[in-house]
Amino acid sequence: MLQPIRSKKLEPVSSGPDLALMQRIAKGDGDAFADLVRRYTRMLYNVAYRYNAASAEDLVQESFLRAFQHANTFSGRSKVSSWLYRICVNVCLTHMGRASLQTTDIEDVPESELTASVNDRPEARAEGRETFKALEEGLALLPAQERMVFILRELQGLAYSEISDVLGMTEQAARTNLHRAKRRLQSWLSPLLTS
Amino acid sequence: MECSEALDFLYQSFDAQLTPTQQMLLDAHRRTCFACANTLTRAERFQALLLKVPQLAVPRGLEERIIERVFAASHVTTKRGETWRTFVDAVTNWRSFAFAAGTAAAVLALVLVSRNIFQPSAMSHTQAPPSITAAINGSLDVGNGNTTSQQSGAVNVTPGETLANTTDQPSTIALSQHVAVTIAGNTQVKIGQVSVDPQTGDPNIVAMRVEHGMVGVRESLGKNAGAIHVATDQATVVPTGTIFTVAAASGSTDVAVGEGSVAVFLPGETFNVLAGNAAHISDGRHTVNKLRAGTKFVH
Ligand SMILES: [Zn+2]
């Protein structure tokens, strides 16, 4: 089986051209904004989808709207990708705030139920699409902050320093959140990881 | 090593964060603790699985939808006319625009000018004239003095160009999110001053001279709404969140207002016409009457 090659850094390397792009956007240049959208939609869509698949498009659209409206606040001190991640994370966490009443926290689900729900499906043992689906389901049950750290670190490949910057937490807090998320997900996926 | 520490040590090893001593402690615990050995194996499988999680492709059309939504919310136009579909939506919503009954027969010159009412110099430019991206629902002959071509859909509007409707059916041109002008059949207008907000790209002022025929204007108020000013040789009409028509005949002008109100500037006098009223202006004097019952601006 071919191992998919996954770039840990999906976003293009940011530097001078990105800063110039942001300056054009701040002046209301629609073409520059369209360029930004083409460069970074996939990056933000991946974050938003893993965070909340059902609302992913809305979250990405809202993120770009805020990016456009606040383009003049981009200072160039961080990468454009970090700046966009920060916006997207805020949009996602705010969205979660509104929707959190309807979601079940994985902490409230008994361990037996966690394992049973994956194990009940016979096809679940086949690694591949079904495993990824189970991972998505488990992700959706994580507390918002743990979920976001996990996405940024394990699925987007950000350094802890960047996660710390994007989420406004210490690197140690990011690690702690990541380890908690992994423990929970590992428990959720346990039937697929044994054997 | 405590069992509770083993997994965190393993996680740290994935980040190459373990000292050689810590690594030795972890390996030793793993060899002697059956429970942890299983957990750590699952953790390694989980980590291997994560490396295979594919990056998702962007859903078809998402980038375009983002651009459209943001531009619609921010009133941006681009050189490439990417607001086109947004404009189409605006025009589609407004396509049932109809002219005020009673003024439809009027044919003559309308003049749209900028705030410098009746000053032709307002139309002159020292800089390269800006153009805006507009959208035509129907079709119009667009000419620049040298060439004329039939256009529909997205079109750049540049000062000095003429827009002619040589059919019997009205066509509508959306000049921004806030201003749509319906150009009656057998009408020709000439684009005058176009002023564009450098921040948003949204037109501040669009002026056009109607060389013959009649136009109807639907203008909605918005924070960034661009102004459109309509003048004839008799009067200049400045709308505020309005649906109105202006028609000029030889020596007279008729203004009918469907929604909102318009300010009408005559030399030395200004008055307002509110929705449901029509003004008749002739030789510098005016009368305002209720619109005839059944007059329709929008079906
Ligand atoms: Zn142990």
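Taken in sequence, the protein lines are chains Z and D.
Quick note: to get the numbering used here, add 59 to the position in the first sequence (first position is 1).
Quick note: to get the numbering used here, add 4 to the position in the second sequence (first position is 1).
Note that beta-carbon positions come from the ideal geometry of N, C-alpha and C, so glycine has one too.
{"Asked": "Three-state secondary structure assigned by DSSP to residue 248 of chain D", "Found": "strand"}
{"Asked": "Residue 221 of chain D vs residue 185 of chain D beta-carbon contact at 7 Å", "Found": "yes"}
{"Asked": "Neighbour flag for residue 105 of chain Z against chain D, beta carbons, 7 Å", "Found": "yes"}
{"Asked": "Minimum Cβ-Cβ distance from residue 221 of chain Z to chain D less than 7 Å", "Found": "no"}
{"Asked": "Cβ pair residue 265 of chain D, residue 278 of chain D closer than 7 Å", "Found": "yes"}
{"Asked": "Distance CB(residue 104 of chain Z)-CB(residue 62 of chain D) smaller than 7 Å", "Found": "yes"}
{"Asked": "Local conformation of residue 217 of chain Z per DSSP, three classes", "Found": "coil"}
{"Asked": "Whether residue 146 of chain Z touches residue 126 of chain Z by CB criterion (7 Å)", "Found": "yes"}
{"Asked": "Proximity test, Cβ basis, 7 Å: residue 99 of chain D and chain Z", "Found": "Residue placement at residue 99 of chain D is poorly supported in this model, since its pLDDT is 31, which falls under 50; the coordinates are not used for a value here."}
{"Asked": "Pair within 7 Å by beta-carbon distance, residue 151 of chain Z and residue 110 of chain Z", "Found": "yes"}
{"Asked": "Cα-Cα separation between residue 23 of chain D and residue 10 of chain D, rounded to whole angstroms", "Found": "14 Å"}
{"Asked": "Beta-carbon contacts of residue 21 of chain D that lie in its chain and below 8 Å, excluding the five residues immediately before and after", "Found": "none"}
{"Asked": "Beta carbon proximity, residue 205 of chain Z to chain D, threshold 7 Å", "Found": "no"}
{"Asked": "Test item, CB below 5 Å from any non-hydrogen atom of ligand 1", "Found": "D:7, D:37, D:40"}
{"Asked": "Option in D:13, D:57, D:34 with minimal Cα separation from residue 26 of chain D", "Found": "D:13"}
{"Asked": "Nearest-angstrom Cα separation, counted from residue 159 of chain D out to residue 220 of chain Z", "Found": "48 Å"}
{"Asked": "Option nearest residue 76 of chain Z by Cα separation, candidates Z:95, Z:223, Z:149, Z:87", "Found": "Z:95"}
{"Asked": "As assigned by DSSP and simplified to three states, the class of residue 92 of chain Z", "Found": "helix"}
{"Asked": "Spatial neighbours of residue 257 of chain Z in its chain, beta-carbon cut-off 8 Å, leaving aside the 5 residues before and after", "Found": "The requested residue 257 of chain Z is not part of the displayed model; chain Z covers only 60 to 254."}
{"Asked": "Within 7 Å, strictly: CB atoms of residue 282 of chain D and residue 276 of chain D", "Found": "no"}
{"Asked": "Boundaries of the beta strand (DSSP E) in which residue 222 of chain D is found, first to last residue", "Found": "219-223"}
{"Asked": "For residue 143 of chain Z, three-class secondary structure by DSSP", "Found": "helix"}
{"Asked": "Segment contact flag, the region 129-142 of chain Z with the region 240-254 of chain Z, C-beta cutoff 8 Å, min 3 pairs", "Found": "no"}
{"Asked": "C-alpha distance - residue 191 of chain Z paired with residue 251 of chain Z, whole-angstrom precision", "Found": "11 Å"}
{"Asked": "Which listed residue (D:34, D:18, D:28, D:19) has its alpha carbon closest to that of residue 8 of chain D", "Found": "D:34"}
{"Asked": "Chain Z contact residues for residue 63 of chain D, given Cβ-Cβ distances below 8 Å", "Found": "104, 116"}
{"Asked": "In DSSP terms, what residue 160 of chain D is bridged to", "Found": "D:137"}
{"Asked": "Alpha helix (DSSP H) runs contained entirely in the region 186-245 of chain Z, provided each spans 4 or more residues", "Found": "188-200, 203-209, 219-226"}
{"Asked": "Boundaries (first-last residue) of the alpha helix (DSSP H) holding residue 50 of chain D", "Found": "38-56"}
{"Asked": "Span of the beta strand (DSSP E), counted from its first residue to its last, around residue 263 of chain D", "Found": "256-270"}
{"Asked": "C-alpha gap between residue 167 of chain D and residue 256 of chain D, whole angstroms", "Found": "23 Å"}
{"Asked": "As assigned by DSSP and simplified to three states, the class of residue 62 of chain D", "Found": "coil"}
{"Asked": "Proximal residues of chain D, C-beta to C-beta of residue 97 of chain Z below 7 Å", "Found": "67"}
{"Asked": "Secondary structure of residue 188 of chain D, DSSP reduced to three states", "Found": "coil"}
{"Asked": "Helix, strand or coil at residue 155 of chain D [DSSP, three-state]", "Found": "strand"}
{"Asked": "Below-7 Å beta-carbon distance, residue 8 of chain D vs any chain Z residue", "Found": "no"}
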